[in-house]
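Here the structure is laid out as structure tokens; the discussion comes afterwards.
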Amino acid sequence: MDLHNMPHSMYKLQNRYGDVFSLQMAWKPMVVINGLKAMKEMLLTCGEDTADRPPVPIFEYLGVKPGSQGQPINPNPMLNKSTCNVIASLIFARRFEYEDPFL
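All the letters of the sequence shown, read from the start, carry residue numbers 1372 to 1474 under my numbering.
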């Protein structure tokens, strides 16, 4: 699979395996749906199964969790700790855990 030209890679996989096939990308199984007919059938018959999005870990670090109900977040503490960790890595060749009270 050519990661620099994903559309062409998906086209080649579609020709080999058909309109619906599965892949494992970054240790996560994924279902790939190609073609208008397959996409239309999937949306009409499996709409509830495909309406959700997979979890995005960075959102949890930023405080956007299920049940947060769109409340605003303050990214400053996480950004400050990240910046301090970059500086500590460059100067001391070690990083701190984000829960470390020294940080």
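Glycine included, C-beta positions come from ideal geometry on N, C-alpha and C.
inquiry  = Distance check for proline 1443 and serine 1453, CA to CA, integer angstroms please.
reply    = Indexing the sequence shown from 1 puts residue 1453 at position 82. Indexing the sequence shown from 1 puts residue 1443 at position 72. Going from the Cα of serine 1453 to the Cα of proline 1443 covers about 20 Å.
query = Which residues in the same chain as glutamine 1480 place their Cβ atom closer than 7 Å to its Cβ, once the five residues preceding and following it in sequence are excluded?
reply = Coverage of the chain is limited to positions 1372 through 1474, which leaves residue 1480 absent and any answer about it impossible.
Residue range of the unbroken alpha helix (DSSP H) whose run includes leucine 1378 = Within the sequence shown, numbered from 1, the residue matching residue 1378 stands at position 7. Per the sequence shown, residue 1378 should be read as proline rather than leucine. That run of the alpha helix (DSSP H) goes 1377-1388.
message = Between which two residues does the beta strand (DSSP E) holding proline 1400 run?
response = Working through the sequence shown from its first residue, we reach residue 1400 at position 29. Residues 1399-1404.
Residue from Leu1461, Asn1386, Pro1448, Leu1384 with nearest C-alpha to proline 1472 = Translated into positions along the sequence shown, residue 1472 becomes position 101. Ranking Leu1461, Asn1386, Pro1448, Leu1384 by Cα distance to proline 1472 puts Pro1448 first.
message = Using only CA atoms, which one of Glu1419, Asn1445, Val1457 lies nearest to phenylalanine 1430?
response = Walking along the sequence shown from the start, residue 1430 turns up at place 59. Closest by alpha carbon: Asn1445.
inquiry  = Considering only their Cβ atoms, is the gap separating aspartate 1373 from serine 1380 smaller than 7 Å?
reply    = As a first step, residue 1380 is located in the sequence shown; it is residue number 9 there, counting from the start. As a first step, residue 1373 is located in the sequence shown; it is residue number 2 there, counting from the start. For serine 1380 and aspartate 1373, yes; Cβs fall inside 7 Å.
request  = State the beta-bridge partners of methionine 1396 as determined by DSSP.
outcome  = Along the sequence shown, one-based indexing puts residue 1396 at 25. Its beta-bridge partners are Lys1399.
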